[in-house]
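Asker:
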Amino acid sequence: MTGIKYRVFIYPAYGEKTFFPSEYAHFSLGKKGTAIQFSLEKPVFRILRSPLQCLNCAAQSPRLYINIHSHNAPSSNEWVIQNLHSHWEKAALPGRFSIGIHPWYIEDDGQEQFRELKQWSTHQHVLAIGECGLDKVCSTDFSLQQVVFVQQILLANAIQKPLIIHCVRAWEEMFSLLKKSENKVPVIFHGFAKNTALASRITSNGYYISFGKALQQQRVREMLQHIPTVRLFLETDDAALSIETVYDLAASALSIDHNSLSLQLQQNAVTVFGTAIFQP
Numbered sequence: 005m006t007g008i009k010y011r012v013f014i015y016p017a018y019g020e021k022t023f024f025p026s027e028y029a030h031f032s033l034g035k036k037g038t039a040i041q042f043s044l045e046k047p048v049f050r051i052l053r054s055p056l057q058c059l060n061c062a063a064q065s066p067r068l069y070i071n072i073h074s075h076n077a078p079s080s081n082e083w084v085i086q087n088l089h090s091h092w093e094k095a096a097l098p099g100r101f102s103i104g105i106h107p108w109y110i111e112d113d114g115q116e117q118f119r120e121l122k123q124w125s126t127h128q129h130v131l132a133i134g135e136c137g138l139d140k141v142c143s144t145d146f147s148l149q150q151v152v153f154v155q156q157i158l159l160a161n162a163i164q165k166p167l168i169i170h171c172v173r174a175w176e177e178m179f180s181l182l183k184k185s186e187n188k189v190p191v192i193f194h195g196f197a198k199n200t201a202l203a204s205r206i207t208s209n210g211y212y213i214s215f216g217k218a219l220q221q222q223r224v225r226e227m228l229q230h231i232p233t234v235r236l237f238l239e240t241d242d243a244a245l246s247i248e249t250v251y252d253l254a255a256s257a258l259s260i261d262h263n264s265l266s267l268q269l270q271q272n273a274v275t276v277f278g279t280a281i282f283q284p
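Right, dumping it as structure tokens:
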């Protein structure tokens with residue numbers, strides 16, 4: 005491999021300062037993979053401790069679509085987390101999954117479900133706990149929802165996996181429970197369609213927001229312009245539209261090119277899930 009040049013997108017290690025998605029680097033490999041040349045096309049805030057850190061996550065492509073939450077089968081050009089709200093044994097199949105107890109589907113006191121969830125949560129194909137959360141519109145007792153949600157927050161922290169959250173008209177309770185539970189893992193609020201003030205509160209707490217079919221609304225596309233892209237994900241959920249269509253809507257709203265958006269969301273995925281997610 006000596007003298008072979010690579011052009012890759014530089015992703016930060018967990019905890020490193022993020023980079024803009026248009027920043028690339030060139031470097032050559034010497035003997036035993038030693039970097040003998042390293043130069044940046046554009047200035048950055050901080051260079052990684054080693055240029056070779058990027059090799060662990062260099063498989064990303066501008067045409068790879070990160071779909072953080074879906075109930076549909078994946079297409080060939082997307083990296084998708086498929087959600088299972090039941091039948092968690094399917095997590096043993098090839099793929100990437102999130103599993104959790106949705107507030108709509110809590111059975112009895114939820115404890116039998118939680119025992120099964122705990123059993124499957126450590127499977128290598130399970131990348132996140134969720135969707136879980138709070139919903140004041142559904143018929144499930146709200147006190148029970150809070151008990152089961154806290155159990156899932158604590159489980160996610162115990163196994164160090166992110167949370168994918170469903171929240172309807174229960175935002176104060178949501179923020180309170182996350183704080184009281186001393187949550188330390190990344191949190192992704194999926195299917196967001198509320199308002200800029202709430203979005204700002206979410207991102208200022210260090211949480212992530214995922215948008216999907218709601219981007220078909222002009223109001224939501226305008227709100228997206230106020231979301232830091234380092235806190236952004238996109239999804240299809242159970243909608244019929246493709247993840248590429250969701251990316252088209254988001255890129256247009258943000259006035260950025262398709263590839264830059266794709267690369268930024270790949271970087272966000274590395275930050276949340278680690279570099280190993282893109283390894284073969």
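Counting with this note's numbering, you get residues 5 to 284 for the letters of the sequence shown.
For glycine and all other residues, C-beta sits at the position ideal for the given N, C-alpha and C.
Of all the options H194, S266, V151, which has the alpha carbon lying nearest to the alpha carbon of V172?
Answerer: The candidate whose alpha carbon is nearest that of V172 is H194.
Asker: So does the region 130-143 actually touch the region 99-117, counting three or more Cβ pairs closer than 8 Å?
Answerer: Flag = yes, the region 130-143 and the region 99-117 touch.
Asker: CA-CA distance, N81 and L219?
Answerer: Spanning the two alpha carbons is a distance of roughly 21 Å.
Asker: Taking C-alpha atoms, which residue in H91, E93, Y69 lies nearest to I85?
Answerer: The option with the nearest alpha carbon to I85 is Y69.
Asker: Taking the beta carbon of F146 as the centre, do at least 16 other beta carbons fall within 10 Å, making it buried, or is it exposed?
Answerer: Exposed, since its Cβ has fewer than 16 Cβ neighbours within 10 Å.
Asker: Span of the beta strand (DSSP E) holding I169?
Answerer: Element bounds for I169: 167-172.
Asker: Based on Cα-Cα distance, which residue from W83, H127, E116, N76 lies nearest to L267?
Answerer: Of the candidates W83, H127, E116, N76, the one whose C-alpha sits nearest the C-alpha of L267 is W83.
Asker: Any idea which residues DSSP pairs F193 with across the strands?
Answerer: According to DSSP, F193 bridges with I169, I213.
Asker: Is the distance from the Cβ of I169 to the Cβ of C136 below 8 Å?
Answerer: A contact, by the Cβ cut-off of 8 Å.
Asker: What do you get for I163, buried or exposed, if any count of 16 or more other CB atoms within 10 angstroms of its CB means buried?
Answerer: With fewer than 16 other Cβ atoms within 10 Å, it is exposed.
Asker: Three or more C-beta pairs under 8 Å: does that hold for the region 214-234 against the region 177-189?
Answerer: At 8 Å Cβ cutoff, the stretches do not touch.
Asker: Look up N71 in the DSSP assignment and say whether it is helix, strand or coil.
Answerer: Reduced to three states, the DSSP call for N71 is strand.
Asker: Rounded to a whole number of angstroms, what is the C-alpha to C-alpha distance between T233 and P107?
Answerer: Rounded to the nearest angstrom, the two C-alpha atoms are 29 Å apart.
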